[in-house]
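Protein chains in written order, with the numbering used here: chain E, 1000 to 1369; chain H, 17 to 315.
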């Protein structure tokens, strides 16, 4: 008899909750590349969303409602993404966690903007998505392409007080891209870029470039590229007894650089991603993925995990699914995520994620500021 | 003016290294008309040998000039052995084959040696000790560093010795004879095999000298350094007139200066554009290179 009672109670709970589920849920659209060449960029984000939502639903949902995921495949193509956007709007999703590729995100963003839906991408790094100010509904949990250069420039100006800089790069996509962003940022701040040059990677030596830096009278060199060339330039400068500050990027924030440049590496600054591997939330999120899916999570997994959490916590803290309320909540609250403690600035870029400045001290890179 | 002189000496240093490697290219070409694409790898092996030897010897407490000399000499011997063996394995069996066959063999040798060092050592850049110490008398000189001085002087001495060797010794005479006409030299009793081996040994030893000096100057090496240095030295040899020994030196220096001044006064973005532009320009007016002799095709 007692057993029967338990079964009845259990059944009724299931039935009632099922009814509640159908009637009123918070819908989160998860568009991205779920098939095709770039599926490996999109699927980890979908997995992350599923895990976060399952956790939240197990705890009773938010605002007393269950959360429902509406996945849509945009195969990272802008033309498909626009259709996906229209479809999600007609499904009446409350928020969107996506898209994955910058081009697809841009194509769908106007549709969400008109429908007043908050959109948060875990992976779209195109600078204009936030900086142009055209998309007040857009947020992201990844640093824009120019974040590293931006940090270098702000650091050089505020902490190092440089007046004249030489910007050198290795002509590669990565190095040259960063160098161009850095140059533009320096010029915006009124710092004179006295030298802007590309060098040939692998050349026998860079003594001529070092001479040129010396003659330019720059206080600091900002180098975009990788560590072998950086080591040659730094050693060349120090052997010539030049004390010019050397600032570089993640390509140089590598222990090989210190090993090769030896004592000449001391004092070199380099930007690099903030370390999340020791964050307990990140460790837990990765363990969860391994337990549920049996594999290591792929690209942008933690970013998507953080984005989904921010969106849902944002709704909870706003106590509403209203567009303006969520936007305000995202900009004014700090959220604990696997990427660390984050919030969002006026343009939608995340604060607290991305890059930090490191400096070589006693043969080791030490984080000295964010 | 200081700036000009600094660029001048920078270019001279770089050009000297190109010249040391170019000598090997040009000697081998002069004797067996082979472009030895694996020559850059010999230079790289020289640098690695010196690194290993210098690390071991500095553990024993040796330093300064004696360390540079000893590791340099061992690197030369080691590289010479590689050059000698390379010729026996990869080129000698193909001596009577079509001209393309040894060329392909040379490219294969180059790939083999690169990967051999990659596997035997490491794929990373490794730090190379500064074997050339700062001389006290160079303290007040700002336009040039001690290591640059050593590189330039060594190149000058090595080139002079090589020229004297070719002009005045029996082996040198035999080399010239083989370069002029291999069959005739053989008929007159010149041991062609020995001459060819000697050429490879001398060229390889010179490349090793270049490798040790520049690595010590720059402070880092990896398995791939021979490729770019080799291409540049080959360009220098062609620029100066391949087959000609003073031509290799002039070609190396011209190339080094062009690169240095192009970077200094125009932009390092166009360093290679200027270097290869100059090559094209010279080859238009002197198809055989600066000091090359135009020979009529033998039928």
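Ideal Cβ positions, reconstructed from N, Cα and C, are used throughout, including at glycine.
Pull up the DSSP beta-bridge partners for residue i, would you.
i              : result
residue 1341/E : 1334/E
residue 1168/E : 1197/E, 1223/E
residue 302/H  : Bridge partners of residue 302/H: none, in fact.
residue 1358/E : 1268/E, 1365/E
residue 1031/E : 1072/E
residue 1096/E : 1119/E
residue 236/H  : 143/H
residue 1240/E : Answer is none; residue 1240/E lacks a bridge partner.
residue 192/H  : Partner(s): none; residue 192/H has no beta bridge.
residue 1247/E : 1269/E
residue 1305/E : Answer by DSSP bridge pairing: none, since residue 1305/E is not bridged.
residue 1025/E : 1066/E
residue 1139/E : 1120/E, 1348/E
residue 1061/E : 1064/E
Between residue i and chain E, is the shortest Cβ-Cβ distance under 9 Å, so that the two count as touching?
i             : result
residue 89/H  : no
residue 287/H : yes
residue 69/H  : no
residue 82/H  : no
residue 156/H : no
residue 276/H : yes
residue 58/H  : no
residue 161/H : yes
residue 19/H  : yes
Classify residue i as buried or exposed, calling it buried when 16 or more other Cβ atoms lie within 10 Å of its own Cβ.
i              : result
residue 1252/E : buried
residue 1223/E : buried
residue 78/H   : exposed
residue 976/E  : Nothing in the structure corresponds to residue 976/E, since chain E is present only between 1000 and 1369.
residue 303/H  : exposed
residue 200/H  : exposed
residue 177/H  : exposed
residue 204/H  : exposed
residue 237/H  : buried
residue 139/H  : exposed
residue 1169/E : buried
residue 161/H  : buried
residue 1021/E : Here residue 1021/E scores only 44 on pLDDT, less than 50, and its place in the model should not be relied on; the value that follows carries that caveat. Exposed, because fewer than 16 other Cβ atoms sit within 10 Å of the Cβ of residue 1021/E.
residue 1091/E : exposed
Does chain H have any CB closer than 9 Å to the CB of residue i?
i              : result
residue 1196/E : yes
residue 1204/E : yes
residue 1210/E : yes
residue 1201/E : yes
residue 1259/E : yes
residue 1364/E : no
residue 1214/E : yes
residue 1207/E : yes
residue 1222/E : no
Whole angstroms is fine: what's the gap from residue i's alpha carbon to residue j's?
i              : j              : result
residue 186/H  : residue 207/H  : 12 Å
residue 1175/E : residue 167/H  : 33 Å
residue 115/H  : residue 193/H  : 21 Å
residue 1213/E : residue 164/H  : 18 Å
residue 1136/E : residue 1056/E : 26 Å
residue 179/H  : residue 260/H  : 11 Å
residue 36/H   : residue 222/H  : 6 Å
residue 148/H  : residue 197/H  : 43 Å
residue 1115/E : residue 1087/E : 12 Å
residue 318/H  : residue 119/H  : Since the first residue shown for chain H is 17 and the last is 315, residue 318/H is missing from the structure and cannot be characterised.
residue 17/H   : residue 81/H   : 32 Å
residue 1035/E : residue 1123/E : 18 Å
residue 1347/E : residue 1320/E : 18 Å
residue 1220/E : residue 1112/E : 42 Å
residue 283/H  : residue 1207/E : 10 Å
residue 1107/E : residue 1084/E : 5 Å
residue 336/H  : residue 158/H  : Past the edges of chain H, shown from 17 to 315, lies residue 336/H, and the structure says nothing about it.
residue 309/H  : residue 257/H  : 8 Å
residue 277/H  : residue 291/H  : 10 Å
residue 1233/E : residue 1216/E : 16 Å
residue 1183/E : residue 1164/E : 12 Å
Using a Cβ-Cβ cut-off of 9 Å, state whether residue i counts as contacting chain A.
i            : result
residue 22/H : Looking for chain A here will not work: the only protein chains present are E and H.
According to a CB-to-CB cut-off of less than 9 Å, which residues of the segment 1164 to 1194 of chain E neighbour chain H? 1167, 1170
The segment 232 to 264 of chain H: which residues have C-beta closer than 9 Å to a C-beta of chain E, in chain order? Taking 9 Å as the Cβ-Cβ cut-off against chain E, the residues of the segment 232 to 264 of chain H that qualify are 233, 234, 235, 236, 238, 240, 241, 243, 244, 245, 248.
Quick one, which residues of the segment 1227 to 1248 of chain E are near chain H if we go by CB-CB under 7 Å, in chain order? 1227, 1230, 1231, 1234, 1238
At a CB distance below 9 Å, what residues from the segment 109 to 143 of chain H approach chain E? Give them in sequence order. 140, 141, 142, 143
Could you list the residues in the segment 25 to 45 of chain H with a C-beta less than 9 Å from some C-beta on chain E, going in chain order? 25, 26, 27, 29, 30, 33, 34
Report the residues of the segment 280 to 305 of chain H with a CB closer than 8 Å to any CB of chain E, ordered along the chain. 280, 283, 284, 285, 287, 288
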